[in-house]
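Note that the numbering used here has the sequence shown beginning at 3, numbered continuously upward. Please read the structure below before turning to the comments.
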Amino acid sequence: MDRSEIALGYIRHPSRIFYGWKLVGLSLFLFGVVLAPTFLGLGTFFVALERHFGWSRAALSGAFSLSRVEGALLGPIEGYMTDRIGARRVILIGLLILGVGLVALAFIRNLIDFYVAFLIIFTGAGLGGFIPLMSLINNWFTRRRALATAIGMSGNSVGGLIVPILAWSITSFGWQSTAFSIGVIILALAFPVTMAIRNRPEDYGLLPDGDLEPEQSTNSDTEAESANTVDFTMMQALKTWAFWSIAITHGLGATAFVTITIHIIPALTDTGMSLQMASTVVATYTTTAVIVQVFSGFLGDRFPKPPLIAMFITIQGFGILILAMSSSLPMAFLFAFIFGIGFGGRVPLLVSIRGEYFGKKAFGTILGMSQVPMNIIMVAAPVLAGRLYDTQGSYLVAFVGLSVVCFAGAILILTTRKPNLTNS
């Protein structure tokens with residue numbers, strides 16, 4: 003018996019946990035590995051770089067804005083690659099690029115070097131993260147899609163628990179040593195981790211959710227779900243209002259989240275907090291989000307998603323308003339709790355709703371194409387927030403504006419209806 007037969011027997015063994023749930027756990031781990039030193043750890047690195055080089059916050063935020071331009075260009079390619087060659091290969095390529103980018107960050111000497119390093123980092127994070135991991139979960143789950151997505155994406159929040167460790171490492175050993183070490187660790191993990199990935203259950207004689215063969219299944223919910231599943235092509239999806247309303251709403255919520263993520267630690271350290279305490283605030287909202295994500299996934303498999311998304315993105319907006327008025331440690335932690343509920347609840351619903359509305363066959367390409375409007379929306383906000391701080395010495399106007407962005411997203415998503423393929 004060769005290794006492929008052994009692997010197939012392991013995956014299909016009836017007494018074992020459905021392999022899709024193991025891939026959800028792997029996705030959780032990879033989200034934490036990819037996002038902790040990139041999106042979630044940006045503010046920690048920015049404080050260290052600001053102190054080391056004396057760069058303005060607008061200039062530092064410019065690296066993220068450039069990465070969003072790159073994301074808009076590469077998103078459709080990432081989705082197409084995932085659908086064509088499978089999530090496993092795409093994630094491997096992404097992790098290798100991410101590791102190289104973090105090693106390169108350790109050797110930057112000027113702002114141009116910094117921008118180049120971060121473009122490499124975000125290219126790797128894109129290929130090794132969101133689109134292929136979400137496509138993987140969408141392939142393995144149908145009835146429990148929202149819950150599986152929520153658990154997998156909770157790695158976003160688990161990664162936030164690493165931020166205080168990141169801050170401690172930067173304070174103790176320096177940002178160069180920290181970036182280099184994380185890069186080497188990711189390079190070492192890339193091959194062994196991706197070897198466990200399997201692209202589709204059908205390749206191993208399985209059905210999504212671990213269901214039995216249709217003729218043996220007694221689950222009427224499964225049969226109804228299968229009957230209602232329709233696979234859109236990318237062009238068909240682009241012709242629907244649902245595609246655009248979901249993508250723009252996702253972009254508005256993500257704009258608020260990433261701008262806060264970039265500027266939260268600098269904003270809190272401005273009030274006199276230590277770097278470690280500010281990182282603890284980040285860990286608080288990410289920990290809150292872990293719990294809420296699983297709960298929202300449970301709700302998303304049972305109730306219409308647009309009203310749930312509207313509720314959570316509104317809560318996110320109110321959390322940002324609290325931050326805008328925050329000048330004390332208790333207020334900062336109140337912000338963290340409310341903000342964590344908001345973004346933790348909306349994210350898995352905005353991903354799983356695409357699988358529910360557009361099916362599996364072109365999910366990666368459709369999700370990748372939606373990165374274009376999403377990233378266009380995200381380009382200016384971090385730089386504008388940094389510019390407002392540089393000119394006004396305060397984040398008040400920027401943070402209030404971000405809360406309004408969230409409220410606009412809540413209104414927009416309520417106009418969304420499940421598309422009809424015939425009409426499209």
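Virtual Cβ for every residue (Gly too), placed ideally from N, Cα, C.
Helix, strand or coil: which one does DSSP assign to residue i?
i      : result
PRO194 : helix
LEU416 : coil
MET275 : coil
PRO306 : coil
ASP211 : helix
LYS24  : helix
LEU423 : coil
SER330 : coil
GLY43  : coil
ARG18  : coil
THR316 : helix
ASP205 : helix
PHE297 : helix
PHE234 : coil
GLY131 : coil
THR242 : coil
TYR287 : helix
LEU325 : helix
Can you give the beta carbon distance from residue i to residue j, rounded, assuming they're within the 8 Å contact cut?
i      : j      : result
GLY131 : GLY103 : Not quite, the Cβ-Cβ distance comes to about 13 Å (not below 8 Å), so this is no contact.
VAL296 : ALA152 : 5 Å
SER67  : PRO384 : 6 Å
LEU325 : PHE401 : 6 Å
GLN178 : ALA119 : Going by Cβ atoms, the distance from GLN178 to ALA119 rounds to 11 Å, so no, they are not a contact pair.
THR418 : ALA244 : 5 Å
THR257 : VAL36  : The Cβ separation is near 20 Å, so there is no contact.
LEU121 : ILE188 : Not really, about 17 Å apart at Cβ, beyond 8 Å.
LYS420 : ASN141 : Actually they do not touch by this definition, with Cβ atoms about 20 Å apart.
LEU129 : GLY161 : Not quite, the Cβ-Cβ distance comes to about 17 Å (not below 8 Å), so this is no contact.
Answer yes or no: do residue i and residue j have a C-beta to C-beta separation smaller than 9 Å?
i      : j      : result
VAL381 : ALA192 : no
LEU404 : THR273 : no
MET197 : VAL353 : no
TYR117 : HIS265 : no
MET313 : GLY347 : yes
GLU358 : ALA148 : yes
GLN278 : THR393 : no
THR316 : ALA412 : yes
PHE31  : VAL195 : yes
THR263 : GLY342 : no
GLY299 : LEU351 : yes
ARG145 : ASP205 : no
ASN201 : ARG90  : yes
VAL105 : ALA181 : yes
ILE355 : ILE311 : yes
ARG338 : THR271 : Arg is not the amino acid found at residue 338; the sequence shown has Ala there. For ALA338 and THR271, no; Cβs fall outside 9 Å.
LEU168 : SER29  : no
VAL283 : ALA334 : yes
PHE345 : PHE259 : yes
SER63  : PHE47  : no
GLY81  : GLY388 : no
VAL71  : ASN422 : no
LEU163 : GLY34  : yes
*Contained beta strand (DSSP E) runs [length at least 3] in the segment 48-119, N- to C-terminal order*: Secondary structure in the segment 48-119: no beta strand (DSSP E) run of 3 residues or longer lies completely within the stretch.
- Query: At which residue ranges does the segment 334-414 contain complete alpha helix (DSSP H) runs of 4 or more residues, listed in the order of the chain?
  - Reply: 365-371 and 373-394
Jot down the residue ranges of each uninterrupted alpha helix (DSSP H) in the segment 137-198, minimum 4 residues, whole runs only, in chain order.
DSSP runs (the alpha helix (DSSP H)) wholly in the segment 137-198: 147-162, 165-175 and 177-196.
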